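Below is one structure, written out as structure tokens; comments come after it.
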Amino acid sequence: MFEDIINKEHLIFKTKQIALNKLSKDEIYNLMKNYYEGMKIKDLLEKYRLDLKTNNIVSYFPGYLTNIECPYCQGYMSAVFVSRANEEILKIKNCNICSHTLDKNCRCETCREMEIRQKEQLYILKNNILGELLIDESEKEVKEESDLNMRQRLYLASVLHCGLTEDIKKLNPIEEIIDFIGPSFNFTIGIFKYLYNTNVISIDEQSALEAFTLI
0 MFEDIINKEH LIFKTKQIAL NKLSKDEIYN LMKNYYEGMK IKDLLEKYRL
50 DLKTNNIVSY FPGYLTNIEC PYCQGYMSAV FVSRANEEIL KIKNCNICSH
100 TLDKNCRCET CREMEIRQKE QLYILKNNIL GELLIDESEK EVKEESDLNM
150 RQRLYLASVL HCGLTEDIKK LNPIEEIIDF IGPSFNFTIG IFKYLYNTNV
200 ISIDEQSALE AFTLI
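Under numbering that gives the first Met the number 0, the first residue of the sequence shown is numbered 0, with each subsequent residue one higher.
And the structure:
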């Protein structure tokens, strides 16, 4: 029953409800009750003497303050009424104080701050991991050119031809050159893995953490 779900004292009246201004709050409540109990729109408009240009009468209903507490502040989640064709008559919108929504992409101030903190923590974590990896990397001895076998020379030549920086001291990031070396992504990654695992190339300390995960 409508009365069991909706508390009249929790209705939130806004500017759009100006079309219902001639009705008292009790009348608006009863109008909504009649609507959700199935009364035809035409009969509703006649009963409450409403001159509306649309049959979407729900758009004129007030908002509603639910009993759902906001997880971030002392507020409660507000909602809007939806068509009686839906299983639920209320759709949760946002907190009446901080504007937090239950959507995973909420952009309220608290969610934005949490996103910033998470990025900072991830950055610190990545750098800690990178630091540990670079310690191991610094102990790695790269082979001299004269010690390379034919396969190593061929692979290295392909990589250098497509990915050498202008100062010819380093390779460009893998993601920038990967499409130009081998016939497929997996084949090219295989080239880098082979050269890395056989100590022909090493990972530069300026590399992103992703460079370690690729090879």
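Here a beta-carbon is modelled for each residue, glycine too, at the ideal position from N, C-alpha and C.
Quick caveat: nothing in here was measured; it's all calculated off a predicted structure.
C-beta atoms of residue i and residue j nearer than 7 Å
{"i": "V199", "j": "L155", "result": "yes"}
{"i": "I180", "j": "S157", "result": "yes"}
{"i": "I40", "j": "N54", "result": "yes"}
{"i": "F1", "j": "Y47", "result": "no"}
{"i": "G189", "j": "I176", "result": "no"}
{"i": "L64", "j": "H9", "result": "yes"}
Residues near residue i by beta carbon distance below 6 Å, same chain, minus five either side
{"i": "V264", "result": "Any question about residue 264 goes unanswered here, given that the chain covers just 0 to 214."}
{"i": "L170", "result": "G162"}
Simplified DSSP state of residue i, which is helix, strand or coil
{"i": "V236", "result": "Examination of residue 236 is not possible in this model, given that the chain is present from 0 through 214 alone."}
{"i": "Y193", "result": "helix"}
{"i": "C94", "result": "strand"}
{"i": "E36", "result": "coil"}
{"i": "I11", "result": "strand"}
{"i": "G62", "result": "strand"}
{"i": "L163", "result": "strand"}
{"i": "I202", "result": "coil"}
{"i": "L124", "result": "helix"}
{"i": "I88", "result": "coil"}
{"i": "I180", "result": "coil"}
{"i": "I67", "result": "strand"}
{"i": "L19", "result": "helix"}
Supposed close pair residue i, residue j - CB separation, criterion 8 Å
{"i": "I11", "j": "G62", "result": "4 Å"}
{"i": "L30", "j": "L43", "result": "6 Å"}
Residue-chain proximity (residue i, chain B), Cβ-Cβ < 7 Å
{"i": "S23", "result": "Absent from the structure is chain B; it holds one protein chain and no more."}
The ligand NAD heavy atom lying under 6 Å from the CB of residue i
{"i": "I115", "result": "As for the ligand NAD, it is missing from this structure, which has no ligand bound."}
Nonlocal neighbours in the same chain, by C-beta distance under 7 Å from residue i, ignoring five residues either side
{"i": "K90", "result": "A78, V79, V81"}
{"i": "K142", "result": "N198, V199"}
{"i": "C105", "result": "H99"}
{"i": "T187", "result": "I177, I180, G181"}
{"i": "F60", "result": "M31, F80"}
Same chain only: Cβ atoms within 8 Å of residue i, ignoring 5 sequence neighbours per side
{"i": "G37", "result": "R83"}
{"i": "D25", "result": "K7"}
{"i": "L87", "result": "The amino acid at residue 87 is misidentified as Leu; the sequence shows Glu. Here the set comprises V81."}
{"i": "K13", "result": "P61, G62"}
{"i": "C107", "result": "Y71, N93, C94, C97, S98, H99, T100"}
{"i": "L194", "result": "Q151, Y154, L155, V158, I200"}
**Inter-stretch contact (C-beta, 8 Å, three-pair minimum) for the segment 82-102 and the segment 57-73** = yes
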